[in-house]
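Visitor:
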Amino acid sequence: MKWLLGMVLGLVLATAVSAQEIAPDALVKSVTDDVLDIIRKDKEIQSGNTKKAIELVEAKVLPHFNFIHMARAAVGRNWAKATPEQQKTLTDEFRSLLVRTYSAALTGYKNQVVDYKPLKMQPGEAEVVVRTEIKQPGAKAIQLDYTVELIGSSWKVFDIAVSGVSLITNYRTEFTTQVTQGGIDGLIKSLQDKNKSAGEGAAKK
Amino acid sequence: MIPAGKTVVQRILTLAHAVAMAGLLGACATTANPKDPIEGFNRAVFAFNDSVDTAIIRPVAVGYDTALPTPVKSGVSNFFGNIADVFIAVNNLLQGKLPDAASDAGRFAINSTVGVLGIFDWATDLGLEKHDEDFGQTFGRWGVGDGAYLVLPFFGPSTLRDGVGLVFDVKADPVPHYKHVAARNTLLTVRGVNERATLLPADKLIAEAALDKYSYIRDGYLQRRRNKIYDGNAPRVVDED
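If you read the protein sequences in the order shown, they are chains A and B.
Per the numbering used here, residue 319 is the first one in the first sequence, and the count goes up by one each step.
Per the numbering used here, residue 460 is the first one in the second sequence, and the count goes up by one each step.
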């Protein structure tokens, strides 16, 4: 079950790529270093203040993710069956879910070191995997891969794989089951309930 | 806990077959997941494991985590990690990965001596990376398919192949076979509590991220195993859309 820990650490460092035409790996490095630097100096985040972590995520991370693509990929074949309003709601709810998850994971950061792997990319490619590794003392390094796509002149993340576990693939199975059992509205309701209950839980802290 | 001998393997396979039949009958009512044919059974075991964890294991791990300073906990992890390196070396050998096996043997040699019985992990600093191998992965490497997803009591997520691998893992593990009973029990408990403590941050993550804890863990586990067997270079699965 150790890979679960990998997911925590992976999501901590799953900050993304900013909007300039620089090589995606150099961008991953600069933004990751930036966010980690902030966390290292912020005792409140380190001691579990999820609200502060959410603020950090919204400021530094969200602009670089393509949530529509992520929601569409996670919902899979059923996306085409959804109305535009449903698609918008799905994207918004999925985004809330991910923001909360990242923020919770950020509070678990404990000074791990990130190793950036050489980028394997053909010139002119519009979709690339950026590979990094999180070093941990006494344990195997955790693989963290970002799948990024070029939209206009910005690179945006649309999938993260921690120790080989793709976020989108993981959610796709869950979402498909939800749609099978309760239709698209059933999935929307599950996401809304989840976001509401977790939000209330956080407010109590 | 688990008696030695090849009859255990036969017993597990018989149990799995019986359970699979029972599970299939239960699964007929809903759309069965092809990777999880005995989902009904698995969910029941998962619920059981979860309740034992909530009632007993997690509180002990939280107590351990709060009471001990980080260097001590690292030392504990390193100590058991060092013992495991021998067995990881054996698995790398069985998989034909000779340089990795040699590196694991080197880790054990260095950490057991200079690292004071493995408490200090100098080998990693010297560039000998820690690997993660077990018999389930070795069988996977030899071409044995996953088999059905299986949740084992106490041990948690597994597959038919990895469950069998676990039997071999336990046989090869020196800690449960240590002659001095009191020391053995202490070592097993400390190792178990320490491992659970390292997973505490993951609890929070799962609570936030998962719509359905059971399927989230299952799908993550299956992807993770595939990645481990290929040592990080699994062939990319093509996106459905």
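All residues carry an ideal CB built from backbone N, CA and C; glycine is no exception.
#1: With a threshold of 9 Å between beta carbons, is arginine 650 of chain B in contact with chain A?
#2: Using Cβ-Cβ distances below 9 Å, what residues of the region 490-508 of chain A are close to chain B?
#3: Going by the DSSP bridge assignment, what does aspartate 495 of chain B pair with across the sheet?
#4: Interface residues of chain A around serine 674 of chain B at Cβ under 7 Å?
#5: Is the region 423-439 of chain A touching the region 360-367 of chain A, taking contact as three or more C-beta pairs under 8 Å?
#6: For tyrosine 637 of chain B, which residues in the same chain have their Cβ closer than 8 Å to its Cβ, ignoring the five residues on either side in sequence?
#7: Nearest chain B C-beta to arginine 418 of chain A closer than 9 Å, yes or no?
#8: Can you name, in chain order, every residue of its own chain whose Cβ lies under 7 Å from the Cβ of proline 616 of chain B, other than the five neighbours on each side?
#9: Glycine 586 of chain B versus chain A: which residues are under 9 Å apart at the beta carbon?
#10: Give the straight-line distance between the Cα atoms of alanine 582 of chain B and aspartate 511 of chain A, rounded to the nearest whole angstrom.
#11: Closer than 9 Å by beta-carbon distance: list the chain B residues that pair up with glycine 312 of chain A, in chain order.
#12: Report back the beta-carbon spacing between lysine 399 of chain A and valine 431 of chain A to the nearest angstrom; my notes put them in contact at under 8 Å.
#13: Do phenylalanine 383 of chain A and phenylalanine 476 of chain A have their C-beta atoms within less than 9 Å of each other?
#14: Please check the pair proline 612 of chain B and asparagine 508 of chain B, which I expect to be a contact at CB under 8 Å, by giving their CB distance rounded to whole angstroms.
#15: Which same chain residues, not among the five before or five after phenylalanine 594 of chain B, have their C-beta less than 7 Å away from its C-beta?
#16: Quick check: the Cα distance between leucine 585 of chain B and leucine 552 of chain B, rounded to an integer number of angstroms?
#17: If we ignore side chains and look at the alpha-carbon of each, how far apart do leucine 374 of chain A and aspartate 351 of chain A end up?
#18: Closer than 8 Å between beta carbons: that is the criterion. Which residues of the region 539-569 of chain B meet it against chain A?
#19: Check whether chain A comes within 9 Å of glutamine 596 of chain B, counting only Cβ atoms and requiring the distance to be less than that.
#20: In the DSSP assignment, find the unbroken beta strand (DSSP E) run with serine 472 of chain A in it and report its ends.
#21: With 16 other CB atoms within 10 Å as the buried threshold, where does threonine 368 of chain A fall?
Guide: In short:
#1: In the second sequence, counting from the first residue as 1, residue 650 of chain B sits at position 191. It does not; no Cβ of chain A falls within 9 Å.
#2: Arg490, Thr491, Glu492, Phe493, Thr495, Gln496, Thr498, Gln499, Leu505, Ser508
#3: Counted from its first residue, the second sequence places residue 495 of chain B at position 36. According to DSSP, aspartate 495 of chain B bridges with B:Asn492.
#4: Position 215 of the second sequence, counted from the start, is the residue given in the question as residue 674 of chain B. Chain A residues near serine 674 of chain B: Thr491, Glu492, Thr495.
#5: yes
#6: Taking the first residue of the second sequence as position 1, residue 637 of chain B is located at position 178. Cβ neighbours of tyrosine 637 of chain B within its own chain (closer than 8 Å, five residues either side excluded): Arg643, Leu646.
#7: Working through the first sequence from its first residue, we reach residue 418 of chain A at position 100. So yes, arginine 418 of chain A belongs to the interface.
#8: The residue you call residue 616 of chain B lines up with position 157 of the second sequence. Contacts found: Val610, Ile676, Arg677, Tyr680.
#9: Here residue 586 of chain B is taken as the residue at index 127 of the second sequence, counted from 1. Residues of chain A passing the Cβ test: none, with the nearest at roughly 12 Å.
#10: Residue 582 of chain B sits at position 123 when you count from the first residue of the second sequence. Residue 511 of chain A sits at position 193 when you count from the first residue of the first sequence. Cα-Cα distance, rounded: 48 Å.
#11: Because chain A is modelled from 319 through 523, residue 312 of chain A falls outside the range shown and cannot be assessed.
#12: Residue mapping note: residue 399 of chain A aligns to position 81 of the first sequence, counting from 1. Residue mapping note: residue 431 of chain A aligns to position 113 of the first sequence, counting from 1. Actually they are not in contact, since the Cβ atoms of lysine 399 of chain A and valine 431 of chain A sit about 45 Å apart, beyond 8 Å.
#13: Here residue 383 of chain A is taken as the residue at index 65 of the first sequence, counted from 1. Here residue 476 of chain A is taken as the residue at index 158 of the first sequence, counted from 1. The answer is yes: Cβ separation under 9 Å.
#14: Taking the second sequence and counting its residues from 1, the one referred to as residue 612 of chain B is at position 153. Taking the second sequence and counting its residues from 1, the one referred to as residue 508 of chain B is at position 49. So it is a contact: roughly 7 Å between Cβ atoms.
#15: Counted from its first residue, the second sequence places residue 594 of chain B at position 135. So the qualifying residues of the chain are Asn550, Gly624, Phe627, Asp628.
#16: Working through the second sequence from its first residue, we reach residue 585 of chain B at position 126. Working through the second sequence from its first residue, we reach residue 552 of chain B at position 93. Straight-line Cα distance between these residues: approximately 22 Å.
#17: Locating residue 374 of chain A in the first sequence gives position 56, where the first residue counts as 1. Locating residue 351 of chain A in the first sequence gives position 33, where the first residue counts as 1. Distance between the alpha carbons of leucine 374 of chain A and aspartate 351 of chain A is about 14 Å.
#18: Gly540
#19: Working through the second sequence from its first residue, we reach residue 596 of chain B at position 137. Output row for glutamine 596 of chain B: interface = no.
#20: For the purposes of this step, residue 472 of chain A is identified with residue 154 of the first sequence, where counting begins at 1. Element bounds for serine 472 of chain A: 472-480.
#21: As a first step, residue 368 of chain A is located in the first sequence; it is residue number 50 there, counting from the start. Under this definition threonine 368 of chain A is a buried residue.
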